[in-house]
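Working notes, beginning with the structure itself.
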Amino acid sequence: MEFFSRSLVFVLLYYLMWHFASLFEIAPHVSAFYPAAGVVLLFVFHYGARYIPVAALAIMLGGFPYDQFWDWQIENFVMSIRQLLVYSVAALVARRLTVFSLPVKTIHDVSGLILVLTVTTLASSAMAVVSLKYFMSLPPDGMPSIFFNFWIGDLGGALMFMAAATLFIDLYEGHHVYRGDVFERRVAWPLMLLLLTALVVVVYFMVIGVADVVGRVGYLILLPVAWAATVYGMRFALLTSLVVNLSAVTAYILLDLDNYPVMDFQLLFVVTVIMSMILGASLEEREQARFDAAHDPLTRVMNRRAFFTQGTALFERARRHERDLALLMVDLDYFKTVNDTWGHKCGDQVLMAVAECCRNACRQTDLHARLGGEEFVLLLDDADTKQSAVVAERLRGCIEKVIVPFTNHTITASIGISQLTESTLSLEEMMTQADKALYAAKADGRNNFKLYAQLTVT
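Numbering (full-length UniProt numbering), first residue to last: 1 to 458.
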């Protein structure tokens with residue numbers, strides 16, 4: 001059933017992309033923009049060789065009802081076999097060598113995808129031009145221009161389709177949190193503004209009828225793509241390139257921009273997509289590198305170095321504004337037994353569950369980190385003794401419910417609490433105080449919390 005549904009989507013997508021490409025036919029069998037090529041590459045690469053017969057069926061039915069395969073001449077069969085062979089082989093080779101992965105995420109993926117599409121479309125275009133020369137008596141002086149139009153048209157179309165596929169796979173398989181991007185990073189308004197601007201520009205030139213102006217300023221579509229890639233990353237940049245390129249397509253069709261050189265139009269498509277991928281992936285890799293440098297690789301919470309950097313800043317703000325500040329040192333009881341008895345893999349699962357408890361115990365203004373081993377720390381902004389005790393008890397209760405994987409064994413934690421006072425000079429001093437309270441909690445039977453202030457009073 002899954003194969004059938006995917007095959008149906010394959011054929012339908014190819015059919016739609018073929019008819020879309022027919023709007024840009026500049027010569028027999030040559031389109032200025034051919035995204036259908038990307039459909040074959042995507043499905044064979046993503047799902048394997050068993051979809052090659054489906055690709056053959058899609059190519060046969062793609063032109064219906066205007067180009068019915070039972071009326072094909074020999075050149076039609078040759079061109080179709082060429083497309084099936086070249087793109088299927090390229091997809092299988094890329095799949096075998098893991099040249100890139102979908103959805104496209106990294107510079108390696110981007111470089112691999114661009115390399116595969118460039119080589120594939122070059123080979124496909126060369127074979128197509130030779131076929132056209134042999135079967136349709138293409139004059140030698142016309143071969144270079146037809147070759148470049150064919151190549152850039154296939155490359156631009158395939159790139160655009162793979163960009164759209166990346167966005168769809170991301171959304172469908174949940175690789176990327178678009179809701180967080182749109183609402184937390186406030187991308188919704190720029191996106192709406194971009195869509196509105198593109199629509200207004202097209203309608204404006206349709207009304208006043210100065211199509212030649214659009215042709216002269218077409219390169220300006222690069223600006224929003226560059227902005228999106230450098231500010232928001234590759235996903236939003238790909239979405240932006242799709243929007244601006246579809247706006248350009250709309251203008252090209254509705255305004256009948258015959259005065260605008262086809263090659264320039266094609267190159268704009270290619271450049272916008274490549275720009276969005278390279279700049280966007282570079283930004284996301286830099287952001288990922290910064291995140292990795294500041295976070296524990298196992299639990300994905302803040303590491304010791306980042307905690308001291310951000311914690312010191314929070315400590316200084318609290319002192320300056322005379323606000324309460326509480327620090328909780330958390331240490332898992334008998335955690336070594338977990339590793340020794342059930343293995344480090346189970347121990348890692350426990351640590352990740354404890355990190356989630358720490359995350360849930362904190363507000364947005366608080367900090368939490370893994371200091372190393374089984375030791376965690378929380379820094380609670382504007383929290384007095386009573387509030388920090390409530391958080392400590394809630395955290396202790398959450399950790400107490402963590403079960404070692406594949407067992408019925410639970411774990412516990414001891415917690416030490418220190419508060420910012422007028423005599424506290426540094427974050428390190430608060431940590432030392434919390435550490436003393438932590439050892440007092442362990443000495444008192446573990447699975448409890450102690451306040452440093454109570455120790456000093458005693």
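We put the CB at the ideal spot given by N, CA and C, even for glycine.
- Cβ atoms of Y439 and I417 stay farther apart than 8 angstroms, at about 13 angstroms.
- According to the DSSP assignment, D366 belongs to no alpha helix (DSSP H), since it is labelled neither H nor E.
- Rounded to whole angstroms, the separation of the alpha carbons of E316 and S426 is 8 angstroms.
- Shown here for S131: same chain residues with a beta carbon closer than 7 angstroms to its own, the five before and five after excluded, namely E75, V78, M79, R82 in chain order.
- Here T118 carries a helix assignment [DSSP, helix/strand/coil].
- It is roughly 13 angstroms from the alpha-carbon of C346 to the alpha-carbon of L298.
- The beta carbons of D333 and N447 sit about 6 angstroms from each other, so the pair counts as a contact at 8 angstroms.
- In this structure, the CA atom of V225 is about 31 angstroms from the CA atom of L97.
- Per DSSP, the beta-bridge partners of V377 are M329, A369.
- Distances from the CA of C398 to each of S388, P405, T410 were compared; the closest alpha carbon is that of T410.
- Distance between A58 and R6, taken at the CA atoms: about 12 angstroms.
- Counting of Cβ neighbours within 10 angstroms places P144 among the exposed residues, the total staying below 16.
- The continuous beta strand (DSSP E) containing L451 extends over residues 449 to 451.
- Here DSSP, grouped into helix, strand and coil, assigns Q310 to helix.
- Secondary structure note for S5: its alpha helix (DSSP H) is the uninterrupted segment 2 to 22.
- Per DSSP, S88 is one residue of the alpha helix (DSSP H) stretching across 74 to 97.
- Apart from sequence neighbours up to five positions away, the residues of its chain that approach F147 with a beta-carbon distance below 6 angstroms are S125, V129, ordered along the chain.
- Take the alpha-carbon of W18 and the one of L61: they are about 10 angstroms apart.
- Taking the C-beta atoms as reference points, V86 is found nearer than 8 angstroms to M127.
- When DSSP states are grouped into helix, strand and coil, S414 belongs to the strand group.
- Contact annotation: the region 365 to 382 touches the region 315 to 329, with at least three C-beta pairs closer than 8 angstroms.
- The beta carbon of E400 lies closer than 8 angstroms to those of T410, I411, T412, A413, N447 in the same chain, with the five residues before and after it left out.
- Taking C-beta separations shorter than 6 angstroms and ignoring five residues to either side along the sequence, the partners of P103 in its chain run T166, I169, D170, H175, following chain order.
- By the Cβ-count criterion, L23 is exposed, with fewer than 16 other Cβ atoms from all chains shown falling within 10 Å of its own Cβ.
- For N339 and V390, the gap between their C-alpha atoms comes out near 30 angstroms.
- Excluding residues up to 5 positions away in sequence, S31 lie with their Cβ nearer than 6 angstroms to the Cβ of E25 in the same chain.
- 8 angstroms or more divides the Cβ of E375 from the Cβ of V301.
- A55 is not a Cβ neighbour of L13, given a cutoff of 8 angstroms.
- One thing to note: L122 has its Cβ no nearer than 8 angstroms to the Cβ of A91.
- In the three-state reduction of the DSSP assignment, E316 falls in the helix class, which pools H, G and I.
- L113 counts as buried, since no fewer than 16 other beta carbons sit within 10 angstroms of its beta carbon.
- Straight through space, the alpha carbons of S88 and A49 are spaced by roughly 8 angstroms.
- Between M431 and L327, the CB-CB gap stays under 8 angstroms.
- Note that the C-beta distance between V110 and M277 is below 8 angstroms.
- Residues of the same chain with a CB within less than 6 angstroms of the CB of F307, apart from the 5 flanking positions on each side, are A369 in chain order.
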